[in-house]
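Take a look at the structure set out below.
Chains as they are written, first to last, in the UniProt record's numbering: chain P, 1 to 394; chain A, 1 to 104.
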């Protein structure tokens, strides 16, 4: 464990920090406190600025027109990009590009022209349909959606749930069981499905304590797609999905730490100015200890997250490290924001401050992208099967 | 929405809760507006509905208290758009929620 932040990374971080403070936070005075979307012209103005700054499509490889930032750099930037009111779910409201659809890097040239490049240009929106009503933590077994061959076409039937953004998307990656190619993880294939395909219905938005985000329920009734809709190889869709899920947990964790860092900074500042019982809050030991606990936990979680990112970049196995980082970052962020609310007292729970929103939304982060318990299962399996060596034995 | 349509009068709006939520306005031709009272609203649903008082005769309203007002608002607009092919009158020409939902 341990690495130095390069000069380039430091400059990028400072640029993003300035962008958040000068471009994003002032916009939020006009928004509803729970809103996570800006009007199209305002967002277009922000995108023009990030493109000018060379920060658009950070995750995307350079050969596809992106920045091609490595995982450590993206992790450092994710911590900065999330330090605003809606930070957890849309880094600066999408000003830095749309959610990564890395699976499409493996697409055919024709698929790239039709789906990937419009996404990278910000012209199309997509959804990622893996989770089903039967379960999300164990998708290899829970997937009941089926795709059957009919001549050269495929016909998809089933249900998906908790699918973000499907109500406004142009197309989605849909994972379905293609039974004769094997069971479990080997029997799942990824299809690119246009949102207006007959038989595909968005049944409802699922309302949660998450603000300004729109998970949906989808129904597939005899949805017919051509053979060209298969992404990658038949039966290999699950490997494609898990690769994305594992790597995504790093910036996901970093985003949690970003809002927690901002909450912690707010708590330190407030404790230094607010007087109670004749002295500043910060002069009371109970408050001092809360601030120190938050500082220690944040430093520890950031170190674990960056360690996982560094391993991912170096080509070494990183699944276990990511799982550990995800647990620690999401749990830590929740505790830090909780303390910040406590220090702010009544103001902490108002919509005048972003703390109450972060508090609610961080709760979901202990479930989304693999729950804490699922991550522990990954760590324990890897430890017990010898796939992971404890840091002390390395 | 499960609440019944109610005539939009000062007496009927007065007991509406000052909480966040969504509401719909109708005239004799049918539904004309879908909107929400969010975290910035003064007196929540009650305040938002009071702004409609006196704008036009014969209006009625119904509302739903919900902390998930943004997603519920978006859903109501999307279902309306799917059924009628247009956004409610109050959202014409503005940045209305896009997309369609077809409950089944």
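Backbone N, C-alpha and C fix where the C-beta goes; we use that ideal spot for every residue, glycine too. Here the structure is a predicted model, which is why all the values come from computation and not from measurement.
When the beta-carbon positions are compared, residue 237 of chain P and residue 175 of chain P come within less than 8 Å of each other. Taking CB atoms only, residue 207 of chain P has a neighbour in chain A less than 8 Å away. It is roughly 35 Å from the alpha-carbon of residue 186 of chain P to the alpha-carbon of residue 76 of chain P.
Within the UniProt domain "DUF7508" (2–78) of chain A, the residues whose Cβ lies closer than 9 Å to any Cβ of chain P are, in chain order, 20, 36, 38, 39, 40, 41, 66, 67, 68, 69, 70, 71, 72, 74, 75, 78. Residue pairing by DSSP puts residue 216 of chain P in a beta bridge opposite P:163, P:205. A direct Cα-to-Cα measurement between residue 151 of chain P and residue 234 of chain P gives close to 15 Å.
The Cβ of residue 202 of chain P sits closer than 8 Å to at least one Cβ of chain A. Sequence-ordered contacts of the region 345–359 of chain P with chain A read 351 [C-beta pairs closer than 8 Å]. Residue 312 of chain P sits buried, since 16 or more C-beta atoms from the chains shown fall within 10 Å of its C-beta. Contact between residue 88 of chain P and residue 361 of chain P holds, since their C-beta atoms are separated by about 5 Å, short of 8 Å. Taking 8 Å as the CB threshold, residue 275 of chain P stays off the interface with chain A. Within chain P, no C-beta atom comes nearer than 9 Å to that of residue 93 of chain A; the closest sits roughly 12 Å away. Looking at the DSSP output, residue 129 of chain P sits in a beta bridge with P:174.
Rounded to the nearest angstrom, the gap between the Cα atoms of residue 95 of chain P and residue 99 of chain A is 21 Å. At a cut-off of 8 Å between C-beta atoms, residue 103 of chain A counts as an interface residue with respect to chain P. Its chain contains 224, 226 as the residues whose beta carbon lies nearer than 6 Å to that of residue 153 of chain P, once the 5 sequence neighbours on both sides are disregarded; these appear in chain order. Sequence-distant partners of residue 351 of chain P (beyond 5 residues in either direction) whose C-beta falls short of 6 Å from its own C-beta, in its chain, are 33. Chain A has no Cβ within less than 8 Å of the Cβ of residue 222 of chain P. For the region 75–104 of chain P, the set of residues with a beta-carbon nearer than 8 Å to any beta-carbon of chain A is empty. Taken in chain order, the complete alpha helix (DSSP H) segments of 4 residues or longer contained in the region 312–359 of chain P are 319–344. Chain-ordered, the chain P residues with CB closer than 7 Å to the CB of residue 99 of chain A read 167, 168. Taking 8 Å as the cut-off, the Cβ atoms of residue 88 of chain A and residue 33 of chain A count as close. According to the DSSP assignment, residue 3 of chain A belongs to no beta strand (DSSP E), since it is labelled neither H nor E. Per the coordinates, the alpha-carbon of residue 122 of chain P lies some 54 Å from the alpha-carbon of residue 277 of chain P.
According to the DSSP secondary-structure assignment, residue 190 of chain P is paired through a beta bridge with P:175, P:231.
Going by C-alpha positions, residue 346 of chain P is about 38 Å away from residue 72 of chain P.
Contact between residue 245 of chain P and residue 160 of chain P does not hold, since their C-beta atoms are separated by about 15 Å, which reaches or exceeds 8 Å. Taken through DSSP and simplified to helix, strand or coil, residue 85 of chain P comes out as coil. Residue-level contact check: residue 312 of chain P does not touch chain A, since none of the beta carbons of chain A fall below 8 Å from its beta carbon. Between the beta-carbon of residue 263 of chain P and that of residue 358 of chain P there is about 6 Å, and that keeps the pair under the 8 Å contact cut. Proximity of residue 40 of chain P to chain A, defined by a Cβ-Cβ separation below 8 Å, is satisfied. With its beta carbon less than 8 Å from one in chain A, residue 33 of chain P belongs to the interface.
C-alpha of residue 49 of chain P to C-alpha of residue 16 of chain P: approximately 11 Å in a straight line.
Using beta-carbon distances, residue 126 of chain P does not count as an interface residue toward chain A, since no partner is under 8 Å. Take the alpha-carbon of residue 384 of chain P and the one of residue 305 of chain P: they are about 22 Å apart.
Within the region 33–80 of chain A, complete beta strand (DSSP E) segments of at least 3 residues are found at 60–65, given in chain order.
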